[in-house]
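Engineer:
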Amino acid sequence: MTQAHTLTLRPATVADAPLLAAMHSASWQATYRALLPSAFLEREVDAERAAYWRARMEAPGGERRLVLIAELSTGTPVGFVCVERQPGSPWGVLLDNLHALPAHQGIGVGKRLMRAAQDWARAQGEAQLYLYVLDGNTPAIAFYERQGWTYSGSEPDHMGGIDITALRYIYRLDAM
Numbered sequence: 132m133t134q135a136h137t138l139t140l141r142p143a144t145v146a147d148a149p150l151l152a153a154m155h156s157a158s159w160q161a162t163y164r165a166l167l168p169s170a171f172l173e174r175e176v177d178a179e180r181a182a183y184w185r186a187r188m189e190a191p192g193g194e195r196r197l198v199l200i201a202e203l204s205t206g207t208p209v210g211f212v213c214v215e216r217q218p219g220s221p222w223g224v225l226l227d228n229l230h231a232l233p234a235h236q237g238i239g240v241g242k243r244l245m246r247a248a249q250d251w252a253r254a255q256g257e258a259q260l261y262l263y264v265l266d267g268n269t270p271a272i273a274f275y276e277r278q279g280w281t282y283s284g285s286e287p288d289h290m291g292g293i294d295i296t297a298l299r300y301i302y303r304l305d306a307m
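Be aware that the sequence shown starts at 132, since it is given in our numbering, and climbs by one per residue.
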């Protein structure tokens, strides 16, 4: 099995938007099978995520955002993180995306990406991060709780053509 020390992180560029979209789609297709409609995951998610990442990576305000791609020493991409400062947010910095590709979960990708997001937020002078996870995504919830994140509420959302509940978790940066 691949060891975590073979991982490297690199900043994503606009040219990486298709790669980010492909990883995001693959993650959702594997993780959300029981949470989102099959039709969305099988026929719509690829195009939807491609449009999302193209727009996101081209959008102004890149200085408020960090997007990193995790790669094995072979250059194989295995995950990514996107964290963004949210001016005026009562919750702090948004950890908007944290994805380790299914075939590479359990080797430290998520932890490494999360630490990079936390370090970046600290360097920005922030005191807290927050994220949303789909209600019912038990493996992700367990992962975040093992990393010291705490539940702080829920909000209605809409994803894949259905109404969902997003659980908000927070992480105090002084919690080491």
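We put the beta carbon where it would ideally sit given N, CA and C, even for glycine.
Roughly how many angstroms separate the alpha carbons of Y300 and V240, rounded to a whole number?
Structural biologist: By 1-based counting over the sequence shown, the position of residue 300 is 169. By 1-based counting over the sequence shown, the position of residue 240 is 109. Distance between the alpha carbons of Y300 and V240 is about 20 Å.
Engineer: Curious, which full-length alpha helix (DSSP H) runs of at least 4 residues does the stretch 238–282 contain?
Structural biologist: 240–254 and 269–277
Engineer: In whole angstroms, give me the CA-to-CA distance for Q249 and S158.
Structural biologist: Taking the sequence shown and counting its residues from 1, one reaches residue 249 at position 118. Taking the sequence shown and counting its residues from 1, one reaches residue 158 at position 27. Between Q249 and S158, the C-alpha separation is close to 22 Å.
Engineer: In terms of alpha-carbon separation, which member of T269, D266 and A247 lies closest to L260?
Structural biologist: Working through the sequence shown from its first residue, we reach residue 260 at position 129. Among T269, D266 and A247, the Cα nearest to that of L260 is on A247.
Engineer: Take the Cβ of G173 as the centre, count every other Cβ of all protein chains shown within 10 Å, and call the residue buried at 16 or more, exposed below.
Structural biologist: Along the sequence shown, one-based indexing puts residue 173 at 42. In the sequence under discussion, the amino acid at residue 173 is Glu, which differs from the Gly named in the question. Classification for E173: exposed.
Engineer: Do you know how far the Cα of D266 is from the Cα of A135?
Structural biologist: Here residue 135 corresponds to residue number 4 of the sequence shown, with the count starting at 1. Here residue 266 corresponds to residue number 135 of the sequence shown, with the count starting at 1. Its pLDDT being 45, under 50, A135 is placed unreliably in this model, and the value from its coordinates should be taken loosely. Cα to Cα, the separation comes out at about 29 Å.
Engineer: Drop a sphere of 10 angstroms on the beta-carbon of R180, count the other beta-carbons inside from all chains shown, and report buried for 16 or more, exposed for fewer.
Structural biologist: What you label residue 180 is simply residue 49 of the sequence shown in a count that begins at 1. Label assigned to R180: buried.
Engineer: Check the DSSP bridge columns for V198 and list the partner residues they point to.
Structural biologist: Walking along the sequence shown from the start, residue 198 turns up at place 67. Residue pairing by DSSP puts V198 in a beta bridge opposite C213.
Engineer: Which residue marks the beginning of the beta strand (DSSP E) containing Y302, and which one marks its end?
Structural biologist: For the purposes of this step, residue 302 is taken as the residue at position 171 of the sequence shown. Y302 -> beta strand (DSSP E) spans I293 to R303.
Engineer: Per DSSP, which one or two residues make a beta bridge with R141?
Structural biologist: Locating residue 141 in the sequence shown gives position 10, counting from the first residue. For R141, which the question treats as bridged, DSSP gives the partners I200.
Engineer: Could you check the C-alpha separation between K268 and Q278 for me, to the nearest Å?
Structural biologist: Along the sequence shown, read from residue 1 onward, the residue named residue 268 stands at position 137. Along the sequence shown, read from residue 1 onward, the residue named residue 278 stands at position 147. Per the sequence shown, the amino acid found at residue 268 is Asn instead of Lys. Going from the Cα of N268 to the Cα of Q278 covers about 16 Å.
Engineer: Nearest-angstrom Cα distance between V209 and M290?
Structural biologist: Within the sequence shown, residue 209 is the residue found at index 78, counting from 1. Within the sequence shown, residue 290 is the residue found at index 159, counting from 1. Straight across, the Cα-Cα distance linking V209 with M290 is about 24 Å.
Engineer: Alpha carbon to alpha carbon, how far is A148 from Y282? Give it in angstroms, no decimals.
Structural biologist: For the purposes of this step, residue 282 is taken as residue 151 along the sequence shown, with counting starting at 1. For the purposes of this step, residue 148 is taken as residue 17 along the sequence shown, with counting starting at 1. The alpha-carbon atoms of Y282 and A148 are separated by roughly 31 Å.
Engineer: Let me know if W156 comes out buried or exposed under the rule of 16 or more other beta-carbons within 10 Å of its beta-carbon.
Structural biologist: Walking along the sequence shown from the start, residue 156 turns up at place 25. Residue identity check: residue 156 is Ser in the sequence provided, not Trp. Per the 10 Å Cβ criterion, buried.
Engineer: Identify, in the order they occur along the chain, each residue of the same chain with its Cβ nearer than 8 Å to the Cβ of F274, setting aside the five sequence neighbours on each side.
Structural biologist: Mapped onto the sequence shown, residue 274 falls at position 143. These residues qualify, in order along the chain: G241.
Engineer: Do the CB positions of I200 and A143 come within less than 8 Å of each other?
Structural biologist: In the sequence shown, the residue the question calls residue 200 occupies position 69. In the sequence shown, the residue the question calls residue 143 occupies position 12. Result yes, Cβ atoms of I200 and A143 sit closer than 8 Å.
Engineer: Classify P208 as helix, strand or coil using the three-state DSSP reduction.
Structural biologist: Counting from 1 along the sequence shown, the entry for residue 208 is found at position 77. In the structure shown, P208 sits in a strand (DSSP, three-state: E or B).
Engineer: Kindly indicate the opening and closing residues of the beta strand (DSSP E) around H235.
Structural biologist: Start at 1 with the first residue of the sequence shown, and residue 235 comes out as number 104. Segment: none, H235 is in no beta strand (DSSP E) and carries neither H nor E.
Engineer: I need the straight-line Cα distance from L197 to L298, nearest angstrom please.
Structural biologist: Stepping through the sequence shown from its first residue, residue 197 is reached at position 66. Stepping through the sequence shown from its first residue, residue 298 is reached at position 167. Separation of L197 and L298 (C-alpha to C-alpha, rounded to the nearest whole angstrom) is 23 Å.
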